[in-house]
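Q: Can you keep this structure in mind? I'll have questions shortly.
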Amino acid sequence: MTGDEEQGEGAGRRWRKVGIRAGTPADAAALAAMMLDFEATLNAIATTPDELTDRTAEAAAAMAALALRPEGPARVLIAEAEGACAGYLAFSPVLWMDDAATAFFISDLFVSEAVRGAGAGRALMEAAAAAARAEGAGRLVWCVWRRNAPALAFYDRLGAEELASERLMTLTVG
């Protein structure tokens with residue numbers, strides 16, 4: 032998707048470059064592993080048993096395969112550091128009625144601990160913003176867990192704004 036590369040340091044190591052590209056079906060195993068790492072990261076900050084999730088490796092593999100299908104419900108950007116998958120951002124276009132325009136909803140953003148601080152998260156968000164602009168979308172929209180202080184700080188540094196007037200709702204239908 033982009034050939035964007037960024038140098039930086041993460042987890043005490045200097046990375047020569049972080050690149051961003053579109054995910055492909057060949058990334059399914061790496062994406063599933065990162066999804067499980069993301070889940071473990073969130074479980075580590077959970078404070079009650081009902082906040083814990085326990086996705087199986089099989090479920091993560093199925094979700095990754097679905098997300099990476101060429102005509103699937105989402106698009107995935109992959110961050111690479113020194114040739115290895117180091118993060119991902121999954122998004123889908125949605126109709127944002129407030130703007131009477133398309134927005135991109137980010138369902139997941141994860142950067143491996145080894146490269147956090149090296150610019151991969153910012154590069155993923157910038158690539159998603161570029162894709163949104165290219166398709167005439169006016170904004171990126173996402174949810175962030177209130178307990179995830181590092182993510183909240185990251186989004187603040189990006190200049191993101193909380194929609195205090197709205198609440199995220201969910202209804203299980205199947």
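The opening residue of the sequence shown carries number 32 in the working numbering; numbering runs sequentially from there. Cβ atoms here follow ideal geometry from the backbone N, Cα and C, with glycine treated the same way. Since we're looking at a predicted model, the values are computed, not measured.
Using only CA atoms, which one of Ala59, Val204, Leu171 lies nearest to alanine 16?
A: Since the displayed the chain opens at 32 and closes at 205, residue 16 lies outside it and no answer follows.
Q: Taking DSSP as the reference, what is the three-state secondary structure of glutamate 157?
A: Correct three-state label for glutamate 157: helix.
Q: Which term fits valine 125, buried or exposed, when burial requires 16 or more other beta carbons within 10 angstroms of its beta carbon?
A: Answer is exposed; the Cβ neighbour count stays below 16.
Q: DSSP has glycine 118 in a bridge; who is on the other side?
A: According to DSSP, glycine 118 bridges with Ala110, Val142.
Q: So is glutamate 192 buried or exposed if we call it buried at 16+ other beta carbons inside 10 Å?
A: Glutamate 192 is exposed by the Cβ-count criterion.
Q: So what's leucine 97 in DSSP terms, helix, strand or just coil?
A: DSSP places leucine 97 in helix when its eight states are reduced to three.
Q: Have a look at aspartate 35 and valine 142 and give me their C-alpha separation to the nearest angstrom.
A: Model confidence at aspartate 35 stands at a pLDDT of 44, short of 50, so the residue's coordinates are unreliable; what they give is reported in the following sentence. Going from the Cα of aspartate 35 to the Cα of valine 142 covers about 16 Å.
Q: Taking its Cβ as the centre, do 16 or more other Cβ atoms sit within 10 Å of glycine 39, making it buried, or is it exposed?
A: Below a pLDDT of 50, predicted positions are generally treated as unreliable, and glycine 39, at 49, falls in that range; the measurement from the model is reported next regardless. Under this definition glycine 39 is a buried residue.
Q: So, is glutamate 111 buried or exposed, given that buried needs 16 or more other C-beta atoms within 10 angstroms?
A: So glutamate 111 counts as buried.
Q: Round the Cβ separation of tyrosine 186 and valine 204 to the nearest angstrom and send it over; I've been treating them as touching at under 8 Å.
A: Contact doesn't hold; Cβ gap of about 29 Å is too wide.
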